[in-house]
Amino acid sequence: ITERKRAEKLILVQRDLGLALSSAKNLAETLKISLDTILDISNTDRGGIYLLNEKSGSLQLAHHQGMPENPLKEYDLYEPNSPNTKLVKAGKPIYMDYTELVKKIGVKSGFAFKATAVVPLKYGKKIIGAFNIASFTIEHIPEASRDALETIAAQIGEVIVHFQAEEELNKLEKQLRRSQKLETIGTLAGGIAHDFNNILAPILGYADMALLNLDSDDPLHDYLHHILKSSHRAKDLVEQILLFAKQSEKERQPLTLQPLIKESLKLLRPSIPATIEIQQNIDQGCEKILADPSQIHQVVVNLCTNAFQAMENKVGTLTIELKSAVFDSSSARHQQNIDAGKYVRLSVIDTGSGMDESTIERIFEPFFTTKSVNKGTGLGLSVVHGIVQSHGGSVHVESEPGKGAAFHVYLPVFKEIARENNSKVNALVGGKESILVVDDDKEVAEIVKKMLEMIGYEVDCQINSFEAVKFFNEHPGKYDLLISDLTMSDLTGLDLAQHVLTLRPDLPVIIMTGYGDDLNEETRQQHGIKQVLGKPITLIDLANAVRSVFDGPR
Numbered sequence: 061i062t063e064r065k066r067a068e069k070l071i072l073v074q075r076d077l078g079l080a081l082s083s084a085k086n087l088a089e090t091l092k093i094s095l096d097t098i099l100d101i102s103n104t105d106r107g108g109i110y111l112l113n114e115k116s117g118s119l120q121l122a123h124h125q126g127m128p129e130n131p132l133k134e135y136d137l138y139e140p141n142s143p144n145t146k147l148v149k150a151g152k153p154i155y156m157d158y159t160e161l162v163k164k165i166g167v168k169s170g171f172a173f174k175a176t177a178v179v180p181l182k183y184g185k186k187i188i189g190a191f192n193i194a195s196f197t198i199e200h201i202p203e204a205s206r207d208a209l210e211t212i213a214a215q216i217g218e219v220i221v222h223f224q225a226e227e228e229l230n231k232l233e234k235q236l237r238r239s240q241k242l243e244t245i246g247t248l249a250g251g252i253a254h255d256f257n258n259i260l261a262p263i264l265g266y267a268d269m270a271l272l273n274l275d276s277d278d279p280l281h282d283y284l285h286h287i288l289k290s291s292h293r294a295k296d297l298v299e300q301i302l303l304f305a306k307q308s309e310k311e312r313q314p315l316t317l318q319p320l321i322k323e324s325l326k327l328l329r330p331s332i333p334a335t336i337e338i339q340q341n342i343d344q345g346c347e348k349i350l351a352d353p354s355q356i357h358q359v360v361v362n363l364c365t366n367a368f369q370a371m372e373n374k375v376g377t378l379t380i381e382l383k384s385a386v387f388d389s390s391s392a393r394h395q396q397n398i399d400a401g402k403y404v405r406l407s408v409i410d411t412g413s414g415m416d417e418s419t420i421e422r423i424f425e426p427f428f429t430t431k432s433v434n435k436g437t438g439l440g441l442s443v444v445h446g447i448v449q450s451h452g453g454s455v456h457v458e459s460e461p462g463k464g465a466a467f468h469v470y471l472p473v474f475k476e477i478a479r480e481n482n483s484k485v486n487a488l489v490g491g492k493e494s495i496l497v498v499d500d501d502k503e504v505a506e507i508v509k510k511m512l513e514m515i516g517y518e519v520d521c522q523i524n525s526f527e528a529v530k531f532f533n534e535h536p537g538k539y540d541l542l543i544s545d546l547t548m549s550d551l552t553g554l555d556l557a558q559h560v561l562t563l564r565p566d567l568p569v570i571i572m573t574g575y576g577d578d579l580n581e582e583t584r585q586q587h588g589i590k591q592v593l594g595k596p597i598t599l600i601d602l603a604n605a606v607r608s609v610f611d612g613p614r
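For any residue, its number in the numbering used here is found by taking its place in the sequence shown, counting from 1, and adding 60.
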């Protein structure tokens, strides 16, 4: 009769468990309901549910009951090759005295348990975790309870996988929304930057020309110098916005990160408080990447600056790590924006105040900052995100409030032949050639014209691209060079260049852009483009670009 009552009770428990699991709202609730039922059925008083991490192969404690906190820290994670993990992966339930169990798997005994059980959790034939239970009082777990425990293990396995898949889907949807949000903000930021570059162009240009016409002891010389200094700061800020909004591939080359990190830290050390210790863990065997050195330097500086600001006025440690990482098709699926392949992983880790989940979701948005006024523009991390994405990489963040933060940057290993960089002319040299300048912003067109005329060139300018076509058709042999804005309201710079080439296939073209675009080699060749100049254009940059076109190979 006792056995029959026990069997009836087990059937009722399983029914109640099924009903409870059907109303569970998330994985945490599922695990709590399951462990409560498991402990009740087995008449044990403490236990835990471990879930298998597919990416790492380790067992992670997901929920527990009755375990003291201090010793628990030693048992919350079992590595892939640990005896505990191997026992679970064997796929067979274990019921035995605790002392015998620890002898069997060869680990130290941390508790005075008697009866214990380790039952794998499965989804079909796939092992997804296990539950461990133990008792200080009963000597063994009854046979009837064992059958029920194994049935329950199969029952809850399916529910756990369902909620894991749901959580993964929610995570992917969040990432997609965030990606779309960043893309929208990037487009908006790029448009603003373009307009701001057009405003800066005459300020820089006229100040440059005015300085050249003043003696160094003239009182206005100092005023103009300050105007130029502030304008260049504004130019740098716009460049950071453009780095976030739209990345380019200019000046990329095979790059060894180890010396770049060393040099960056050398430059940063004077600005980092003495209370912050810098630790380096640099793998000298890491392979090269294909990158723009100045942009990767910007990534290191921005991440380290963000890290030490998170520890400002505190004693802390800033750790910089460089390691190799390899993702196969399976492991890549578990990483955000990572394709299978070989990578170098640059990690910047701080012991600062950390971040909650809502902050992590926003940290790559431009102008978002948790710092006080005058402690930054909120562009640093968005620039990092933009640079890394443009290099085919990804940034992953790990942080909790009060536990610091770790930024992991993955950059693909270099596997292509680098393109040769074009040499640049460094002197301010003019000439006598004839140039047509086209820009739909009148101020920009006029300042470019005046700067070119100042160094000897003969220049005509047009502010309407249709009028420019008409003008060129009337004088096709007059010009030695076309300088055009890329984005105009009528014809684009590329369309204009294409038309000019039909009449003058030999005519070189320089494209100006306020969007930070770097046109690919195929586009350049198709449209006769010899140089791409980013706005706002300085006198020295303009002079060098024009002279290099005239003096370089046609």
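A virtual CB, placed ideally from N, CA and C, is assigned to each residue, including glycine.
In the DSSP assignment, S354 falls within the unbroken alpha helix (DSSP H) covering 353–370. The DSSP assignment places complete beta strand (DSSP E) segments of no fewer than 3 residues inside the segment 477–549 at 494–498, 518–522, 541–545, in order along the chain.
Closest in C-alpha terms to S82, from the list H222, L288, D416, comes H222.
Spanning the alpha carbons of Y283 and G588 requires a straight line of approximately 41 Å. Residue range 581–586 is occupied by the alpha helix (DSSP H) that includes R584. D566 sits in coil when the DSSP states are folded into three classes, being neither helix nor strand. One thing to note: L181 has its Cβ within 8 Å of the Cβ of A213.
Counting only residues of its own chain and dropping the five nearest sequence neighbours on each side, M269 has a CB closer than 8 Å to the CB of K510, M511, M514, L599.
The DSSP-derived three-state label of V375 is coil. In this structure, the CA atom of T335 is about 32 Å from the CA atom of A294.
A direct Cα-Cα distance of roughly 9 Å separates V455 from L406. Collapsing the DSSP output to three states places D157 in a strand. Cα atoms of L317 and D399: separation of roughly 21 Å, rounded to the nearest angstrom.
Counting along the chain, the unbroken beta strand (DSSP E) around H123 starts and ends at 119–125. Counting C-beta atoms within 10 angstroms of its own C-beta, Q358 has 16 or more neighbours from the protein chains shown and is therefore classed as buried. By the Cβ neighbour-count rule, Q591 is buried, with 16 or more other Cβ atoms within 10 Å of its own. Relative to G151, the option among V178, P140, L137 whose CA is nearest is V178.
Comparing alpha-carbon positions, the option among L119, S291, G107 lying closest to Y138 turns out to be L119. Closest by C-alpha distance to V473, out of T547, A204, L315, is L315. With a cutoff of 8 Å on beta-carbon distance, S324 and V361 are scored as near each other.
Closest in C-alpha terms to I71, from the list L209, L264, Y135, comes L209. Annotation: the continuous beta strand (DSSP E) that includes T176 extends over 175–183. Boundaries of the alpha helix (DSSP H) harbouring V148: 143–149, taken from the DSSP string.
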